[in-house]
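As structure tokens, the structure follows; a few thoughts come after it.
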Amino acid sequence: MSKNDDPTQTSRPGALSARAQSVMRSVVRQYMETGSTVSSRFISKLPDFELSSASIRSVMLDLEEAGLLYAPHTSAGRMPTEAGLRLFVEGLLEQNNLSDDDRVDIEMQCQVAGRSLEGVLADASGVLSGLSSCVGLVVAPTAEEPLRHIEFVPLSPGRALVVLVFEGGQVENRLLDLPLGFASDALVRAGNFLSARLTGKTLTEAGKAIAHEIRTNRAEIDRLTASIVEAGLATRGSDSKDGVLIIRGQSNLLNDVRQFEELHKVQTLFQALETKETMLKLLESTDTAEGVQIFIGEQTELFGLSGCSMILAPYQNQSKQVVGAVGVIGPMHMNYGRIIPMVDYTAQIVSRALGNPIT
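Per this note's numbering, the sequence shown starts with residue 2, numbered consecutively.
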């Protein structure tokens, strides 16, 4: 049986004997540490492991026949197949509690106060990459929410803060450079003008209508206030409806290139991560997601590439709607027990940024 064949019914965790589960767990744990083959002799020398090397070798052969282990070459060592890894993650994995240091790192680097959502998301991707030594990714909201309120707050001469409050509870703060000749009451007029026209509309919808009103001189505001209005709307960025995919730490996969058969496969993965098609598939995978999702090797068609795994956790807005996801992409031997709770907690922090308190 090849390493990509479907496993037999004995691949269900409950169908494996206690001895087989113990051997399987030991093989995968060592594989996650080294990414290399594991021998029966090595397992026999583990603390509290009472089986002989010959007995372990016999169990490993049974696991190989079940499609859970395979020998990549003629050596006596074995590695888990993708099916074996899925078995381990879904039924045999003992997840670690997130350490206090990891928890603090995530909270500190994803601070919400006074920052835009994009800033929080970028830092979430960065902290996941740094803590996991893998690729961190964040899928941003797929569509604009209607605005509830907009306000301009003066900060210093020539600078102001644009506060955008959306219906789902998301709050974004953007810095705005004020035009020359600015008067403080122009901020008030700009805020009043926009608030009267934005309720229930997205920024894209409101921006087009207000821009047309200003161009046709139907807006009852002066030129200076109009320039502030237009600048305030422009802070939201592009009108893309496809969302944003934020990726950090691509070089971490290159550092583990020995786990891929050829370098061009890593390059193919990077190219796939940059395509809109990949991003849209990631967005689709979060639409009905509940909790952490784990995609191992060719189980996901997002990359068309074996040799890597992806862990995703959805985050929610204030209305408990899934609007995106955070995650990690790395080699199949990544430390699932540590990374799964890390991704899960980061998703909770991002949800908190959207006004959805951590439970």
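In this text, a Cβ means the ideal position worked out from N, Cα and C, and glycines have one as well.
Cα-Cα separation between residue i and residue j, rounded to whole angstroms
{"i": "leucine 88", "j": "asparagine 98", "result": "21 Å"}
{"i": "histidine 334", "j": "leucine 64", "result": "18 Å"}
{"i": "cysteine 135", "j": "arginine 160", "result": "38 Å"}
{"i": "asparagine 318", "j": "leucine 129", "result": "20 Å"}
{"i": "isoleucine 297", "j": "isoleucine 248", "result": "19 Å"}
{"i": "alanine 314", "j": "proline 342", "result": "10 Å"}
{"i": "glycine 331", "j": "glutamate 299", "result": "13 Å"}
{"i": "valine 344", "j": "glycine 250", "result": "15 Å"}
{"i": "serine 239", "j": "valine 245", "result": "Its pLDDT being 41, under 50, serine 239 is placed unreliably by the model, and the measurement read from it follows with that caveat. Taking the straight line from one Cα to the other gives about 10 Å."}
{"i": "glycine 325", "j": "aspartate 106", "result": "22 Å"}
{"i": "serine 241", "j": "threonine 203", "result": "Any reading at serine 241 is ruled out, since the residue's pLDDT is 44, under 50, leaving its predicted position unreliable."}
{"i": "alanine 348", "j": "alanine 273", "result": "23 Å"}
{"i": "tyrosine 346", "j": "alanine 207", "result": "35 Å"}
{"i": "alanine 141", "j": "isoleucine 312", "result": "16 Å"}
{"i": "threonine 217", "j": "isoleucine 295", "result": "53 Å"}
{"i": "aspartate 102", "j": "serine 56", "result": "41 Å"}
{"i": "aspartate 186", "j": "lysine 266", "result": "58 Å"}
{"i": "serine 252", "j": "serine 310", "result": "16 Å"}
{"i": "methionine 109", "j": "leucine 62", "result": "47 Å"}
{"i": "methionine 2", "j": "arginine 26", "result": "Its pLDDT being 36, under 50, methionine 2 is placed unreliably in this model, and the value from its coordinates should be taken loosely. Cα-Cα distance, rounded: 21 Å."}
{"i": "leucine 254", "j": "threonine 35", "result": "15 Å"}
{"i": "isoleucine 211", "j": "asparagine 336", "result": "51 Å"}
{"i": "threonine 269", "j": "glycine 127", "result": "22 Å"}
{"i": "arginine 37", "j": "glutamate 91", "result": "Per the sequence shown, the amino acid found at residue 37 is serine instead of arginine. Distance between the alpha carbons of serine 37 and glutamate 91: 22 Å."}
{"i": "histidine 213", "j": "leucine 177", "result": "22 Å"}
{"i": "asparagine 256", "j": "proline 73", "result": "21 Å"}
{"i": "phenylalanine 271", "j": "leucine 122", "result": "20 Å"}
{"i": "arginine 353", "j": "leucine 118", "result": "11 Å"}
{"i": "proline 48", "j": "glutamate 66", "result": "27 Å"}
{"i": "glutamate 291", "j": "isoleucine 215", "result": "45 Å"}
Counterpart residues of residue i in DSSP-defined beta bridges
{"i": "histidine 150", "result": "Val166"}
{"i": "valine 323", "result": "Gln317"}
{"i": "phenylalanine 296", "result": "Met311"}
{"i": "glutamate 362", "result": "The structure shown does not extend to residue 362, since the chain is modelled only from 2 to 360, so the question has no answer here."}
{"i": "methionine 33", "result": "Answer is none; methionine 33 lacks a bridge partner."}
{"i": "glycine 201", "result": "Answer is none; glycine 201 lacks a bridge partner."}
{"i": "isoleucine 330", "result": "Val136, Met311"}
{"i": "methionine 80", "result": "Tyr71"}
{"i": "leucine 246", "result": "Val140"}
{"i": "arginine 160", "result": "Ser157, Asp178"}
{"i": "valine 395", "result": "Residue 395 is absent from the structure shown; the chain starts at 2 and stops at 360."}
Member of the options whose CA lies at the smallest distance from the CA of residue i
{"i": "glycine 120", "options": "Val139, Leu47, Ile341", "result": "Val139"}
{"i": "glutamine 322", "options": "Arg339, Val351, Phe296", "result": "Val351"}
{"i": "valine 329", "options": "Val163, Leu188, Gly131", "result": "Gly131"}
{"i": "tyrosine 375", "options": "Leu255, Arg353, Val28, Arg249", "result": "The question about residue 375 has no answer here: the residues shown for the chain are numbered 2 through 360."}
{"i": "methionine 80", "options": "Gln349, Met311, Met33", "result": "Met33"}
{"i": "glutamate 95", "options": "Ala21, Asp345, Gly338", "result": "Gly338"}
{"i": "valine 163", "options": "Arg175, Ser157, Leu156", "result": "Arg175"}
{"i": "glycine 85", "options": "Leu17, Ile107, Thr35, Leu118", "result": "Leu17"}
{"i": "phenylalanine 167", "options": "Leu199, Leu47, Ala210", "result": "Leu199"}
Contact under 7 Å by Cβ, residue i with residue j
{"i": "leucine 69", "j": "threonine 82", "result": "yes"}
{"i": "leucine 373", "j": "glutamine 171", "result": "With the chain running from 2 to 360 in the structure shown, residue 373 is simply not present."}
{"i": "alanine 184", "j": "phenylalanine 153", "result": "no"}
{"i": "leucine 188", "j": "proline 158", "result": "no"}
{"i": "serine 40", "j": "glycine 78", "result": "yes"}
{"i": "serine 54", "j": "arginine 42", "result": "yes"}
{"i": "valine 327", "j": "alanine 125", "result": "yes"}
{"i": "arginine 20", "j": "valine 60", "result": "yes"}
{"i": "alanine 179", "j": "glutamate 173", "result": "It should be pointed out that residue 179 corresponds to leucine in this sequence rather than to alanine. No, these two residues do not count as a Cβ contact at 7 Å."}
{"i": "serine 362", "j": "isoleucine 340", "result": "Since the first and last residues shown for the chain are 2 and 360, residue 362 lies out of range."}
Min CB distance residue i to chain C below 7 Å
{"i": "proline 81", "result": "The structure shown contains no chain C; it is built from a single protein chain."}
Residue i: CB within 6 Å of a non-hydrogen atom of the ligand ZN
{"i": "tyrosine 346", "result": "Looking at this structure, you won't find the ligand ZN or any other ligand, since it has none at all."}
Is the number of C-beta pairs between the region 148–155 and the region 191–198 that are closer than 8 Å three or more?
yes
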